[in-house]
Amino acid sequence: SEMTDLSASVQFVSDKIDASNKLMEQITLQFAELKKENELLKTKNESLTKEVLDLRDRMRNLEQYTRVNNVEVSGLPSTREESVKDLVKDVGAAIGVQVQDSDVTIAHRVPSYGL
């Protein structure tokens, strides 16, 4: 009776310790998996960050390349029905350069944004 109660109590505590140990093993395994996943995500994040920086550089280089044939003229007053292509030809003539229509791919005004 007292011995049986003590034995039952010891068994109960032993069962609880076993359950706690199993739970601890599961938590340890989950932690290891999460740690591994975190390392993979860190590596992927570093790779994607590098890729973004590389793509940003490529984009800047391409933007600069697309401007390789650009000429910017500022200070020309705007008129109602102007032809910007004709303005380009007039500026060319003013500096002694003959500009043909075929020399101009596109001509347009750029918004000033109040500067």
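Take the sequence shown: its position 34, counted from the start at 1, is 283 in my numbering, and no numbers get skipped. Virtual Cβ for every residue (Gly too), placed ideally from N, Cα, C. Please read these numbers as outputs of a predicted model, since none were measured by experiment.
With a 10 Å radius around the Cβ and a threshold of 16 neighbouring Cβ atoms, residue 265 comes out exposed. A straight line joining the alpha-carbon of residue 303 with that of residue 356 spans about 32 Å. 8 Å or more divides the Cβ of residue 322 from the Cβ of residue 338.
Across the structure, residue 250 and residue 259 are spaced so that their CA atoms are roughly 14 Å apart.
Counting only the Cα atoms, residue 268 lies some 11 Å from residue 275. In the structure shown, residue 325 falls within a coil segment according to DSSP collapsed to helix, strand and coil. Separation of the CB atoms of residue 333 and residue 358 is rounded to 6 Å, and the pair is thereby assigned contact status at 8 Å. Assignment of alpha helix (DSSP H) within the region 329-361, counting only whole runs of 4 or more residues, yields 333-343 in chain order. Within its own chain, no residue has a Cβ closer than 7 Å to the Cβ of residue 326 once the five positions on either side in sequence are excluded.
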